[in-house]
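Working notes, beginning with the structure itself.
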Amino acid sequence: MSSSHLADKIKKSNQEIFSEVLANRRHIHKNPELSFQEHNTCAYVKEQLEKIGVDEIKEMADTGLVALIKGNNPDSSIVALRADMDALPIKEANDVEYKSVKDGVMHACGHDVHTSSLLGTAKILNEVKSDFNGTVKLIFQPGEEKFPGGASIMIKEGVLQNPNPKSIIGQHVMPLIDAGKVGFRSGMYMASADEIYVTVKGKGGHGAMPEMNIDPVVITSHIIVALQQIVSRVASPKIPSVLSFGKVIADGATNVIPDEVKIEGTFRTFDEEWRKEAHKKMKKMAEGIADSMGGSCEFNIKVGYPHLKNNPELADRTKSWAKEFLGEENVVDLDLWLAGEDFSYYSHEVPACFYRLGTRNEEKGITNSVHTPKFDIDENALKIGPGLMAWLAIKELEN
Numbered sequence: 001m002s003s004s005h006l007a008d009k010i011k012k013s014n015q016e017i018f019s020e021v022l023a024n025r026r027h028i029h030k031n032p033e034l035s036f037q038e039h040n041t042c043a044y045v046k047e048q049l050e051k052i053g054v055d056e057i058k059e060m061a062d063t064g065l066v067a068l069i070k071g072n073n074p075d076s077s078i079v080a081l082r083a084d085m086d087a088l089p090i091k092e093a094n095d096v097e098y099k100s101v102k103d104g105v106m107h108a109c110g111h112d113v114h115t116s117s118l119l120g121t122a123k124i125l126n127e128v129k130s131d132f133n134g135t136v137k138l139i140f141q142p143g144e145e146k147f148p149g150g151a152s153i154m155i156k157e158g159v160l161q162n163p164n165p166k167s168i169i170g171q172h173v174m175p176l177i178d179a180g181k182v183g184f185r186s187g188m189y190m191a192s193a194d195e196i197y198v199t200v201k202g203k204g205g206h207g208a209m210p211e212m213n214i215d216p217v218v219i220t221s222h223i224i225v226a227l228q229q230i231v232s233r234v235a236s237p238k239i240p241s242v243l244s245f246g247k248v249i250a251d252g253a254t255n256v257i258p259d260e261v262k263i264e265g266t267f268r269t270f271d272e273e274w275r276k277e278a279h280k281k282m283k284k285m286a287e288g289i290a291d292s293m294g295g296s297c298e299f300n301i302k303v304g305y306p307h308l309k310n311n312p313e314l315a316d317r318t319k320s321w322a323k324e325f326l327g328e329e330n331v332v333d334l335d336l337w338l339a340g341e342d343f344s345y346y347s348h349e350v351p352a353c354f355y356r357l358g359t360r361n362e363e364k365g366i367t368n369s370v371h372t373p374k375f376d377i378d379e380n381a382l383k384i385g386p387g388l389m390a391w392l393a394i395k396e397l398e399n
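Going by the UniProt record's numbering, the sequence shown opens with residue 1, and the numbers climb by one from there.
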């Protein structure tokens, strides 16, 4: 079958299954589960795969799944596709028929979209498996939103083995891009994400007698300001880096200096060697400042996800194939994104491409960011999401 005929066949199939994909998305959205608690979601996904006719399904990481769809000559080429399934601890503020029924839990990052879209991709691939050579490995992953990340656990349990994919492709919603469009970026794309927890200790007392105290509030102030030099004067300008502190707890009063101050923040960058070096420098600087001012400092870093790098050759190929499938006007370039993603673990193991599915529609008022109580999507995005991923997988198998 010619490439153009196969593309038309996939597009037709995507339209025919749209109502089914929509129903899956709404069911998952209505019944969200937090990271590593996706028991019902996992069971639902497995049930849908079995209905499609997928018979090689394996449970992994407790609430994750991996499935295989084999075309002709299944050992000739293997490509992996990934979707995440977990929700966030956010109370939904949307007034829609598929609103979350779980108070304080919501699919505010589009994982319901990713999962339902990949289920649609599975159905399309199963329908056209006589038209391609190789095997597509489907990864339905838990716990993207919570450290250590479901991706790291699934990798440890062998998700990239038996069979070993030559590459992996992931899709994520993007409310900054209009529905009907997708975005790609080659090379480094998303940042590593580390959590910083600092306790600065001094000697509390009356605010009117500072000479009798060792003020941890003042020490902490110096530490917060000084640490910004790690980004502005120590980091190479060629390596984007961000250091932000969003939580400061002194818990004194207008006339009470506390014994200690706790601060929490995040450090993000795009280079693993610099990341390690920055950790050491931040710790040394903070402890040194506290010591020089008569106090002490406990500086702890919770090392999170690595930076996400899109393999340049794979990213360029998938972008070209997306243009072929959707039209050049519907494929846009992405900028660096300082958010973290545990898909990054895959990108350090095999050539990876993580692209964005546009979900915005200003006329419908669908413009809210992910991780907010009002996040939703223009569901017309699902008229292209499943088919595009099926197309990219087949083209990569042929490459």
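All residues carry an ideal CB built from backbone N, CA and C; glycine is no exception.
Just to confirm my understanding: we take Tyr345, look at its own chain, exclude 5 residues before and 5 after, and list those with CB closer than 8 Å. What are they?
Result list for Tyr345: Gly149, Ala151, Ser152, Ile155, Tyr305 and Pro306, in chain order.
With H, G and I counted as helix, E and B as strand and the rest as coil, what does DSSP make of Tyr98?
Here Tyr98 sits in coil by DSSP.
Helix, strand or coil for Asp55? Go by DSSP, reduced to three states.
Looking at Asp55 - three-state DSSP - the assignment turns out to be coil, as it is neither helix nor strand.
According to the Cβ coordinates, are His29 and His107 closer than 8 Å?
In contact: His29 and His107 (Cβ atoms closer than 8 Å).
Measure the Cβ-Cβ separation of Gly358 and Lys181 and say whether it is below 8 Å.
Yes, the Cβ-Cβ distance between Gly358 and Lys181 is below 8 Å.
Report the residue from Asn330, Leu6 and Glu260 whose alpha carbon sits nearest the alpha carbon of Phe132.
Closest by alpha carbon: Leu6.
In the DSSP assignment, what residue or residues form a beta bridge with Arg356?
For Arg356, which the question treats as bridged, DSSP gives the partners His172 and Gly183.
Does the segment 155 to 167 come within contact of the segment 57 to 66, defined as at least 3 CB pairs closer than 8 Å?
Result yes; three or more Cβ-Cβ pairs closer than 8 Å.
Helix, strand or coil: how does DSSP classify Glu329 here?
The answer is helix: DSSP assigns Glu329 an H, G or I state.
Name the DSSP bridge partner or partners of Tyr197?
Answer is Glu264 and Asn300.
Where does Asp86 land, buried or exposed, given buried means 16+ other C-beta within 10 angstroms?
Burial call: buried.
Once DSSP output is grouped into helix, strand and coil, what is the label at Phe36?
Reduced to three states, the DSSP call for Phe36 is coil.
Are the CB atoms of Ser347 and Leu308 nearer to each other than 8 Å?
It is a contact, given that the beta carbons lie within the stated cut-off.
Could you check whether Ser13 and Gly340 sit closer than 8 Å to each other, using their CB atoms as the reference points?
In this structure, Ser13 does not lie closer than 8 Å to Gly340 by Cβ.
Going by beta carbon distance, what residues of the same chain come within less than 8 Å of Leu382, once the five residues before and after it are set aside?
Around Leu382: Phe18, Val21, Leu22, Arg25, Val113, Ser116, Ser117 and Gly120.
Per DSSP, what are the beta-bridge partners of Val256 in this structure?
His206 and Ala253.
Would you mind stating whether Ala179 and Asn380 have Cβ atoms separated by less than 8 Å?
Contact: yes.
On the DSSP bridge assignment, give the partners of Thr135 in chain order.
Thr135 is bridged to Lys70 and Ile78.
Assign Ser236 to one of two classes, buried (16 or more other C-beta atoms within 10 Å of its C-beta) or exposed (fewer than that).
Counting Cβ neighbours within 10 Å, Ser236 comes out exposed, since fewer than 16 surround it.
Which residues in the same chain as Leu227 place their Cβ atom closer than 7 Å to its Cβ, once the five residues preceding and following it in sequence are excluded?
Answer for Leu227: Leu243, Met282, Met285 and Ala286, listed in chain order.
Please determine, among Val198, Phe375, Asp376 and Ile177, the residue with the shortest C-alpha to C-alpha distance to Asn300.
Selected option, being the one with the closest Cα: Val198.
Would you tell me roughly how many angstroms separate the C-alpha atoms of Gly365 and Lys374, rounded to the nearest one?
Going from the Cα of Gly365 to the Cα of Lys374 covers about 10 Å.
So the candidates are Glu324, Lys302 and Glu260; which of them puts its Cα closest to the Cα of Thr266?
Ranking Glu324, Lys302 and Glu260 by Cα distance to Thr266 puts Lys302 first.
Smallest Cα separation from Ala253: which of Lys247, Ala208 and Ser296?
Out of Lys247, Ala208 and Ser296, Ala208 has the C-alpha closest to the C-alpha of Ala253.
Could you check where the alpha helix (DSSP H) with Leu392 kicks off and where it finishes?
Looking at the DSSP string, the run of the alpha helix (DSSP H) that includes Leu392 is Gly385 to Glu398.
I need the DSSP call for Asn164, collapsed to helix, strand or coil.
Here Asn164 sits in coil by DSSP.
Buried or exposed: which applies to Asp333, given that a residue is buried once 16 or more other Cβ atoms fall within 10 Å of its Cβ?
Answer is exposed; the Cβ neighbour count stays below 16.
Who does Asn310 pair with in a DSSP beta bridge?
Answer by DSSP bridge pairing, in chain order: Gly187.
Can you tell me the Cβ-Cβ gap for Glu260 and Val218, rounded? I've got them flagged as a contact below 8 Å.
Actually they are not in contact, since the Cβ atoms of Glu260 and Val218 sit about 13 Å apart, beyond 8 Å.
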